[in-house]
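In case it helps, the numbering used here puts the sequence shown at residues -17 to 476.
By construction, the Cβ of each residue, glycine as well, lies at the ideal position given by its N, Cα and C atoms.
Since we're looking at a predicted model, the values are computed, not measured.
Working notes, structure below.
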Amino acid sequence: MSDMKHTITQLKLLVSRIPLILRTLILHGIRMSPVSGKQDLRTELITVIIRSFVSGDDRKTMTETQKNSMRDPGIKGPMWVAKVTLPQPEMDVRDAVLHAIEILGNGQETFDIPAVNEVGAEWTGYRRGVGKNEPQPDISEEEKYRALRKDITSDMTILYLHGGAYMMMDPCTHRLPVSNLSRLTGAQALSVRYRLAPQNPFPAALVDALTAYLSLIHPPKGSLHEPVPANKIVIAGDSAGGNLTFALLQTLLTLRRASRAITFHGEEVNIELPAGVAGISPWCDVSLCMPSVVNYRKYDYMDIRPGGVDVPDYTKPYTPFAFPADDAWPSSPPRVDTFCNAPSTDHPLVSPMAASPDLWKDAPPVFITVGEECLTDEGLVLARRMHKAGVSVVAEMFEGKPHCHGLIMLSTPTGKRCFEGLAGFCSGAVKGVVTPTGGLTYYGFKLRSTRQIPLEEACEVGDEEVDERLRENKKWRMESEKVLLKEWRERARL
-17 MSDMKHTITQ LKLLVSRIPL ILRTLILHGI RMSPVSGKQD LRTELITVII
33 RSFVSGDDRK TMTETQKNSM RDPGIKGPMW VAKVTLPQPE MDVRDAVLHA
83 IEILGNGQET FDIPAVNEVG AEWTGYRRGV GKNEPQPDIS EEEKYRALRK
133 DITSDMTILY LHGGAYMMMD PCTHRLPVSN LSRLTGAQAL SVRYRLAPQN
183 PFPAALVDAL TAYLSLIHPP KGSLHEPVPA NKIVIAGDSA GGNLTFALLQ
233 TLLTLRRASR AITFHGEEVN IELPAGVAGI SPWCDVSLCM PSVVNYRKYD
283 YMDIRPGGVD VPDYTKPYTP FAFPADDAWP SSPPRVDTFC NAPSTDHPLV
333 SPMAASPDLW KDAPPVFITV GEECLTDEGL VLARRMHKAG VSVVAEMFEG
383 KPHCHGLIML STPTGKRCFE GLAGFCSGAV KGVVTPTGGL TYYGFKLRST
433 RQIPLEEACE VGDEEVDERL RENKKWRMES EKVLLKEWRE RARL
């Protein structure tokens, strides 16, 4: 009954957007569209429809938004899914993350100290020889995992971290792209159900990601899987999951430099690096201070201008992302960002773009793919800083494509090319044969052209300006958060 109500609601919302769809069709047909020559009709329609949902007046509360975004679509077709729970480890996993935060910080950052929990996850793999509507057999999770393993053709394991602005979505919403990646690589994937903000802000998700990574290499008692060597693991994620991917990598690098071992389910384990790391439209700057947030907005469905303005006015308070108030948001005590406290905005484990090149030294090969989207600049700056550190970087950009276009348009030529590049990188990483290009591969409209751009020139904003933008934006948020906290304390005294 609830599914029927949800379907009816979705249909009503879609019908209400018919004028928008007609307007888009007409403008595209007469070549008067603002994205003319950059997006085909299918891409433009998908982009404007998603944008209308993301920034429309029918926004729900945070709790409702989270619930709707995590609606389970079911499991059918060419995929195996085995649900597991990774046991709660010792507090040392959390303490290791706190140690990395301290090493990389400046003492100004503030954050909630999270608990250490068990972590939900889904083993996902490509199921061979079935139709698109074939249901998954009614067998135990262990039997599903054994069946999944029979269809696996590679010794690689992908640790996948889903996107959703750190506050939405779930492994269940990403089964299709993850199983597609499994199909292309022959690998099994462990998709992690990390804790979401605003209820569980930074660094709760990072603690869960580290727990999942260590659980692959050192399986706790009762695990379905055998130990996976670190050099057979590729960590991958999209959007906020891309942020978490690079934050996890930086945590591992920092702990290795500090020679920090971790007690994990009764064993002292050393930190080992994965074979490779991949980010799909990664959210590398929580402050959203780069020019692409405004410059590429017309090609994207995300309306994420800081403070809701094209040019930040630092004399006025920063405006938090608005949701109708409920128990989850605004938070109490208040903060301006759902994911973190304002003083932590430019910490390298919050905004990986903020990490200086030397912090990426000795990182494994990295793959970054972006569209012409709001988050483009931050992904390219991260690629450039890694390249300066001597990291093997493979970077790709698709003209006129919105955020995570490969995931939402899997069957299109550009979606297929995006995943082919990702899968090729993953397979090469575990074989040790990734060839860095030293540049950005830029795919033109409809893949009609390809050109190479040196990574040093891929983003016009230099490193000094990047750091200045991060500092100014953090200061803006901190001052605004102080005002919110002052008002909150005054109300509490009444």
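Item to check | Entirely enclosed beta strand (DSSP E) segments - the stretch 192 to 251, minimum 3 residues | outcome: 215 to 220, 244 to 246, 249 to 251
Next on the checklist: Looking only at its chain, what residues have a beta carbon closer than 6 Å to the beta carbon of serine -2, apart from the 5 residues adjacent to it on each side?
Outcome noted: none
Item to check | Three CB pairs or more closer than 8 Å across the stretch 429 to 440 and the stretch 265 to 281 | outcome: no
Checklist entry - Can you tell me where the alpha helix (DSSP H) with isoleucine 390 in it begins and where it stops? => result 387 to 390
Checklist entry - Quick one: complete alpha helix (DSSP H) runs, 4+ long, within the stretch 35 to 104? => result 44 to 51, 74 to 86
Item to check | Contacts around glycine 388, its chain only, beta-carbon distance under 6 Å, and the 5 residues preceding and following it disregarded | outcome: Gly397, Cys400, Phe401
Next on the checklist: Going by DSSP, what residue range makes up the beta strand (DSSP E) through alanine 147?
Outcome noted: Looking at the DSSP string, alanine 147 is not in any beta strand (DSSP E), and its letter there is neither H nor E.
Checklist entry - To the nearest angstrom, how far is it from the Cα of glutamate 446 to the Cα of leucine 452? => result 10 Å
Item to check | Burial state of serine 462, where buried means 16 or more other Cβ atoms lie within 10 Å | outcome: buried
Next on the checklist: Using 8 Å for Cβ pairs, my map puts asparagine 250 next to histidine 200. What's the rounded Cβ distance?
Outcome noted: It should be noted that the sequence gives glutamate, not asparagine, for residue 250. That pair is no contact at about 10 Å.
Item to check | First through last residue of the alpha helix (DSSP H) which encompasses methionine 460 | outcome: 445 to 475
Item to check | Exposed unless 16 or more other CB atoms sit within 10 angstroms - verdict on alanine 229 | outcome: buried
Next on the checklist: Beta-carbon within less than 8 Å of alanine 310's beta-carbon, same chain only, minus the 5 sequence neighbours each way: which residues are those?
Outcome noted: Thr43, Met44, Thr45, Gln48, Pro180, Gln181
Item to check | the stretch 17 to 33 in contact with the stretch 126 to 139 per 3-pair CB rule at 8 Å | outcome: no
Next on the checklist: I'd like to check one pair, glutamate 355 with proline 384: are the Cβ atoms closer than 7 Å?
Outcome noted: yes
Item to check | Residue from Pro1, Val63, Ile350, Tyr278 whose Cα sits closest to the Cα of aspartate 120 | outcome: Val63
Next on the checklist: Please list the terminal residues of the continuous beta strand (DSSP E) segment that includes proline 436.
Outcome noted: 432 to 436
Checklist entry - In three-state terms, what does DSSP make of glutamate 439? => result helix
Next on the checklist: Can you look up phenylalanine 380 in the DSSP assignment and give me helix, strand or coil?
Outcome noted: strand
Item to check | CA-to-CA distance, alanine 371 to aspartate 340, given in whole angstroms | outcome: 6 Å
Checklist entry - In the structure shown, what three-state DSSP assignment does isoleucine 3 receive? => result helix
Checklist entry - Skipping 5 residues on each side, what residues in its chain have a beta carbon closer than 7 Å to that of serine 479? => result Because the chain is modelled from -17 through 476, residue 479 falls outside the range shown and cannot be assessed.
Checklist entry - Is methionine -17 helix, strand or coil when you go by DSSP? => result Because the pLDDT at methionine -17 is just 49, under 50, the model does not fix this residue reliably, and the value given afterwards should be weighed accordingly. DSSP places methionine -17 in coil when its eight states are reduced to three.
Checklist entry - Sorted by chain position, which residues of the same chain lie with C-beta nearer than 7 Å to isoleucine 435's C-beta, five sequence neighbours on each side aside? => result Gly421, Leu422, Tyr424
Next on the checklist: Here's a check: name, in chain order, each residue in its chain whose Cβ is nearer than 7 Å to the Cβ of leucine 482, leaving out the five neighbours to either side.
Outcome noted: Missing from the structure shown is residue 482; the chain here goes from -17 to 476 and no further.
Item to check | Simplified DSSP assignment, three categories, for serine 314 | outcome: coil
Item to check | Under 7 Å between C-beta atoms of isoleucine 244 and aspartate 74 | outcome: yes
Item to check | For serine 51 and methionine -17, the rounded distance between their alpha carbons | outcome: Confidence at methionine -17 is low in this model, with a pLDDT of 49, below 50, so its placement is unreliable and the value that follows should be read with caution. Each residue's Cα considered, the two are about 18 Å apart.
Checklist entry - Does the Cβ-Cβ distance between tryptophan 458 and proline 316 come in under 7 Å? => result no
Next on the checklist: Rounding to the nearest angstrom, what Cα-Cα distance links glutamate 125 and arginine 109 in this structure?
Outcome noted: 14 Å
Checklist entry - Looking only at C-alpha atoms, which of Ser221, Ser374, Leu467 sits nearest to glycine 353? => result Ser221
Checklist entry - Which residues share a DSSP beta bridge with leucine 188? => result Leucine 188 pairs with nothing; no bridge assigned.
Checklist entry - So, do the stretch 73 to 89 and the stretch 328 to 337 have three or more beta carbon pairs nearer to each other than 8 Å? => result yes
Item to check | Burial state of leucine 404, where buried means 16 or more other Cβ atoms lie within 10 Å | outcome: buried
Item to check | Endpoints, alpha helix (DSSP H) assigned at glycine 421 | outcome: First-last for glycine 421: 421 to 425, but that is the beta strand (DSSP E), not the alpha helix (DSSP H).
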